[in-house]
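Numbering (UniProt numbering), first residue to last: 1 to 475. Even for Gly, the Cβ is constructed at its ideal location relative to N, Cα and C. Comments concern the structure below.
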């Protein structure tokens, strides 16, 4: 018989223990759940923290403090490696209902390290507790606490998911840990999502094209009911923005783990712009030679032949087609390729910004409605003056085309794919207008005086592709 079960039998048989089997299992489950809180130092303490003792006395009635001390003495060296029965659901209910009174959560999210990884041997101290929410797939919404620790020597604070040095500096960076070691994804400041819940959301988006708004509503109505009502300012419902941020964070962490890199993000930026730099950087890496099948060629999509002069030439064929319906896109000046400035719906070009200011002025004062009506009815408001010179009326009325400002919600048209004859997708583009031949701009293998650009450039493309995918091989 395993040693933990032997100790459990001793605890049940002892005359000093007045606890029944269920209470002992709850005792073990609670301490196993809060093990990082109990064993804050490197050694297992002789006595339980007072907050946990008070919580157990309240939830395991009519157990006594002496019985708790005896159970801890007998079982403390077996709890962390306990492989016997547990009562996870009951402990979730107890911690959700009573844990906040003692600053205990259904989960206590500690950093994976107790010592600084930069300063050898330096213990992490100055624990800071922050209330948070954990959204799970099977356990609902759980109240939790994230505990961060500080290294005084290098001024680095270690959080559950990342570490940051000199956090008050404008250019401070977050260094995220390996995604495979953590069960919860840090989506927003006080919101964590279970790893398997993120995978569920990703597959739902990919298979049924469900929006993040619908995913949040579906979760709140079905999976996300809190176990108990907890008195806290944090909302128990899952927001659409949290789903979106968790989607991006999970993707970035998996990408970093796949390439054995450390995900680095800016610390002092608004939440809505938190992933912008990383997403833009990885999108650039993924384009072109970053695709695993960018250099693909087979007998189904590439044909070699000789012309009348006996020179070797090639033909690579494919087709383009739209595969998805449009998605919501940002408001802006139509046909403008510049980035929209923060807190505006236009870019920094003066003429484009002027159109936005005109729109704001038209909506600010009610008396401007009269001016719009006069303009609509072509009623003159200034005295007529005879034009000087011999310019024709037709020429004077010619004006540059007016800018069109799209301020209402609009959609893209489709996602266009370029697919080779063998089925490999080598290019993708978002279509904002109607689908048609004029919307497709493909760089083909145009022959000029017997030259073959495809064959000549393949060597350079191959070298760049090998840099991006060193683990792959090209035949």
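Note that the C-beta distance between residue 48 and residue 38 is below 8 angstroms. Going by DSSP, residue 50 is part of the alpha helix (DSSP H) stretching over 50-59.
Excluding sequence positions up to five before and after residue 159, its CB lies within less than 7 angstroms of the CB of 111, 146, 148, all in the same chain and listed in chain order. For the set 139, 287, 187, 194, the Cα lying nearest the Cα of residue 240 is the one of 187. Nearest to residue 349 by C-alpha distance, out of 343, 333, 181, is 333. Between the stretch 61-75 and the stretch 90-108 there are fewer than three inter-stretch CB-CB distances shorter than 8 angstroms, so the stretches are not counted as touching. Non-local beta-carbon contacts of residue 264 in its own chain, meaning distances under 8 angstroms to residues more than five positions away in sequence, involve 173, 174, 175, 176, 278 in chain order.
Within the stretch 305-351, there are no complete alpha helix (DSSP H) runs of at least 4 residues. Between the alpha carbons of residue 249 and residue 328 lies a gap of roughly 21 angstroms. Taking the CA atoms as reference points, residue 321 sits about 20 angstroms from residue 315.
In this structure residue 101 is exposed. Its beta-carbon is surrounded by fewer than 16 other beta-carbon atoms within 10 angstroms. In this structure, the straight-line span from the alpha carbon of residue 69 to that of residue 80 is close to 17 angstroms. A check of alpha carbon separations from residue 325 across 359, 254, 410, 51 identifies 410 as the nearest. A check of alpha carbon separations from residue 424 across 301, 163, 268 identifies 301 as the nearest. Contact between residue 137 and residue 197 is confirmed by a C-beta separation of about 4 angstroms, below the 8 angstroms threshold. Judged by DSSP secondary structure, residue 40 falls outside any beta strand (DSSP E); it is assigned neither H nor E. Note on residue 133: 16 or more other CB atoms within 10 angstroms of its CB, so buried under the neighbour-count rule.
Residue 251 and residue 215 have their C-alpha atoms roughly 17 angstroms apart.
For residue 269, no beta strand (DSSP E) segment is defined, and its DSSP state is neither H nor E.
The beta-carbon separation of residue 202 and residue 247, rounded to 7 angstroms, stays under the 8 angstroms limit for a contact. In the DSSP assignment, residue 129 falls within the unbroken beta strand (DSSP E) covering 125-135. Taken in chain order, the whole alpha helix (DSSP H) runs of length 4 or more contained in the stretch 68-155 are 88-98. About 6 angstroms separates the beta carbons of residue 156 and residue 118, which is inside the 8 angstroms limit, making them a contact pair. When the Cα atoms are used, residue 295 and residue 318 turn out to be separated by approximately 14 angstroms.
Per DSSP, residue 250 lies in no beta strand (DSSP E) segment; the continuous alpha helix (DSSP H) that holds it begins and ends at 240-258. For the alpha helix (DSSP H) assignment, the uninterrupted runs of no fewer than 4 residues enclosed by the stretch 174-231 are, from N- to C-terminal side, 195-208, 212-221. CA-to-CA, the gap between residue 288 and residue 163 works out to about 33 angstroms.
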